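Asks: Convert by adding 50 to the 1-based position in the sequence shown; the result is the number in our numbering. Idealized CB from N, CA, C, for every residue including glycine. Bear in mind that the values here come from a model prediction, so they are computed numbers and not experimental data. Below is the structure I would like to discuss, written out as structure tokens.
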Amino acid sequence: GASKLDTPRKERDKVYIFSGVMEDDLTTGAPVGMIIPNGVIEDEHLNKHKSYKELIRPGQAGYTFFKKYGQFADNIGAGRASGRETAARVAGGAVAKAVLDDMGVDVIAFTTEIYGIKAENIDYETAKANYRKNEVNCPDLKVGELMIKELEKIKAEGDSCGGVVEVIARGVPAGLGEPVFDKLQATLAHALMSIGAVKGIEFGAGFEHTKMKGSESNDTPYYDENTGRVRFKTNRAGGILGGISNGEDIRIRLAIKPTPTINITQDTVNMYKLNNVNESFNTRNDPCICTRIYPVCEAMVRIALLDALFIAKGYRALSTNIDDRWNDL
């Protein structure tokens with residue numbers, strides 16, 4: 051993702067497919083291999099990062115990478131901890147999307163909160179209708195304007211802020227996920243929490259369940275004669291029960307931390323000289339990661355769902371004794 055609020059990038063976003071796809075755009079069955087060139091290597095940008103090699107940049111992975119890799123840690127643009135690695139995730143997610151589209155599964159992510167400014171009760175239809183209609187991808191267009199104004203102010207201060215991104219997966223069939231260690235919410239959380247800026251996750255009503263009675267938390271089922279399927283009157287579970295999808299929308303909320311790179315002097319440590327210093331790390335920075343991260347969230351959900359679909363299909367193919375009538379519900 052990119053917006054006018056973010057620092058511009060000069061790469062062409064060109065993807066080269068080198069295996070697994072024929073000229074007629076059909077897959078061969080071999081792994082689909084893709085390369086995304088990190089096209090612009092600017093001496094000025096590289097030299098800035100090299101000048102900070104000895105310093106711990108607050109909020110970033112420099113210290114922990116130093117503890118793990120020592121002097122061999124990649125210090126250019128945060129190395130493996132850089133958000134640039136997520137481009138490969140989005141490429142993989144595009145392949146998953148092609149399969150999921152044919153199955154009627156749609157995944158959409160959008161911003162619902164930035165620095166305390168909230169958009170409430172965004173449904174799937176509103177999210178689809180107003181997708182990417184503003185620089186923060188907030189489906190509530192009026193709230194989006196307030197978010198943009200706040201981000202412009204924060205950017206002028208050289209600072210950054212956090213927010214919330216929500217993801218909705220519609221059309222996910224009931225029956226995906228495993229009952230114990232590979233519960234669907236566990237594999238989705240694993241995928242999404244592997245994104246560097248994601249610091250928290252909840253499904254459905256999430257932490258609001260702590261304020262409810264069982265009679266308020268439970269989603270009561272009913273038989274829908276129009277579709278011939280079991281549905282639920284509410285969706286506080288977020289589309290997953292017992293670690294297995296129930297056919298309702300899978301709803302996920304993600305806490306996104308502020309961009310750690312800011313143009314404000316901060317206390318830090320020189321790892322080589324072992325002394326305390328003050329430094330302002332004047333490299334490229336964005337006022338909020340929410341404006342860039344939502345395509346990555348979509349991609350990781352698609353990848354996790356496609357894995358679950360393949361596992362479920364394999365299970366069904368082997369479990370020939372299960373009565374077919376349960377498939378129809």
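How do the stretch 325-342 and the stretch 102-109 stand: do at least 3 beta-carbon pairs fall below 8 Å, yes or no?
Replies: Touching, per the Cβ criterion.
Asks: Just the C-alpha distance for I312 and G246, rounded to the nearest angstrom, thanks.
Replies: Cα to Cα, I312 sits roughly 17 Å from G246.
Asks: Using CA coordinates, which residue listed in I372, E175, L291 is at the minimum distance from V230?
Replies: Ranking the options by Cα distance to V230, first place goes to L291.
Asks: At what residue ranges does the stretch 310-368 contain a whole run of the beta strand (DSSP E), taking only runs of 3 or more?
Replies: Fully enclosed beta strand (DSSP E) runs of 3 or longer: 316-320, 325-329.
Asks: So, using beta-carbon positions, are A141 and H240 closer together than 9 Å?
Replies: No, the pair does not count as a contact, with Cβ atoms beyond the cut-off.
Asks: Going by other Cβ atoms of all chains shown within 10 Å of its Cβ, with 16 needed for buried, is L191 buried or exposed?
Replies: Per the 10 Å Cβ criterion, exposed.
Asks: Please report the residue range of the beta strand (DSSP E) in which G250 lies.
Replies: Taken as a continuous stretch (DSSP letters only), the beta strand (DSSP E) holding G250 covers 248-253.
Asks: Given 8 Å as the limit, tell me if I198 has its C-beta closer than that to any heavy atom belonging to the ligand GTP.
Replies: This structure lacks the ligand GTP; in fact it carries no ligand of any kind.
Asks: Buried or exposed for Q121, going by 16 or more other Cβ atoms inside 10 Å?
Replies: Per the 10 Å Cβ criterion, exposed.
Asks: With three or more C-beta pairs closer than 8 Å as the rule, is the stretch 338-352 touching the stretch 193-212?
Replies: Yes: the two stretches touch, three or more of their Cβ pairs being nearer than 8 Å.
Asks: Would you mind stating whether V248 and L304 have Cβ atoms separated by less than 9 Å?
Replies: Yes; because the gap between Cβ atoms is below 9 Å, this pair is in contact.
Asks: Is the beta carbon of A144 less than 9 Å from the beta carbon of A358?
Replies: Cβ atoms of A144 and A358: not closer than 9 Å.
Asks: Give me, in chain order, the residues of the same chain whose beta-carbon lies closer than 6 Å to that of P271; leave out the 5 immediate sequence neighbours on both sides.
Replies: Excluding residues within five positions, the ones whose Cβ falls inside 6 Å are V280, F282.
Asks: Between L368, Y322, G364, N371, which lies nearest to Y113 when the distance is taken from Cα to Cα?
Replies: Y113 has its Cα closest to that of Y322, out of L368, Y322, G364, N371.
Asks: Is the distance from the Cβ of I302 to the Cβ of V217 below 9 Å?
Replies: Cβ atoms of I302 and V217: closer than 9 Å.
Asks: Keeping to the same chain, check which residues put their C-beta closer than 7 Å to that of F116; ignore five residues upstream and five downstream.
Replies: Closer than 7 Å at Cβ, skipping near neighbours: A123, M321.
Asks: Could you tell me the alpha carbon to alpha carbon distance between L234 and T176, rounded to whole angstroms?
Replies: C-alpha separation (whole angstroms): 26 Å.
Asks: Does the Cβ-Cβ distance between M197 and I167 come in under 9 Å?
Replies: Contact: yes.
Asks: Going straight from the alpha carbon of N296 to that of D151, what length do you get?
Replies: Going by the C-alpha atoms only, they are around 19 Å apart.
Asks: Of all the options E73, V71, S132, S369, which has the alpha carbon lying nearest to the alpha carbon of I343?
Replies: For the residues E73, V71, S132, S369, the minimum Cα distance to I343 belongs to S132.
Asks: K205: buried (16+ other C-beta within 10 angstroms of its C-beta) or exposed?
Replies: Buried, since its Cβ has 16 or more Cβ neighbours within 10 Å.
Asks: Straight-line CA distance for G70 to R139?
Replies: Between G70 and R139, the C-alpha separation is close to 17 Å.
Asks: Name the DSSP bridge partner or partners of L291?
Replies: The partner list for L291 (beta bridge, DSSP) reads I294.
Asks: Count the other CB atoms within 10 Å of the CB of T207; is the residue buried (16 or more) or exposed (fewer)?
Replies: Sequence inspection shows Glu at residue 207; the Thr mentioned does not correspond to that position. The residue in question, E207, is exposed, as its Cβ has fewer than 16 Cβ neighbours within 10 Å.
Asks: Skipping 5 residues on each side, what residues in its chain have a beta carbon closer than 6 Å to that of K199?
Replies: So the list is empty, once near-sequence residues are dropped.
Asks: Taking only the alpha-carbon atoms, compute the straight-line gap between T315 and Y165 and give it to the nearest angstrom.
Replies: One C-alpha to the other measures close to 21 Å.
Asks: Under a CB-based cut-off of 9 Å, is G221 close to chain B?
Replies: You won't find chain B in this structure, because it holds only one protein chain.
Asks: Classify T176 as helix, strand or coil using the three-state DSSP reduction.
Replies: Residue state, collapsed to three classes: helix.
Asks: Under the assumption that F68 contacts G83 (Cβ atoms under 8 Å), give the Cβ distance between them as a whole number of angstroms.
Replies: So it is a contact: roughly 5 Å between Cβ atoms.
Asks: Whole angstroms is fine: what's the gap from R352's alpha carbon to K147's?
Replies: Roughly 6 Å between the two C-alpha positions.
Asks: Quick check on D274: does DSSP put it in helix, strand or coil?
Replies: Strand, per DSSP.
Asks: Would you identify the three-state DSSP class for S267, choosing helix, strand or coil?
Replies: Reduced to three states, the DSSP call for S267 is helix.
Asks: Checking 9 Å against the spacing of the C-beta atoms, do E269 and E228 come in under that value?
Replies: The amino acid at residue 269 is misidentified as Glu; the sequence shows Asp. It is not a contact, given that the beta carbons lie outside the stated cut-off.
Asks: Sorted by chain position, which residues of the same chain lie with C-beta nearer than 8 Å to I294's C-beta, five sequence neighbours on each side aside?
Replies: Excluding positions up to five away in sequence, the list reads A224, G225, L226, G227, E228, P229, K233, L234.
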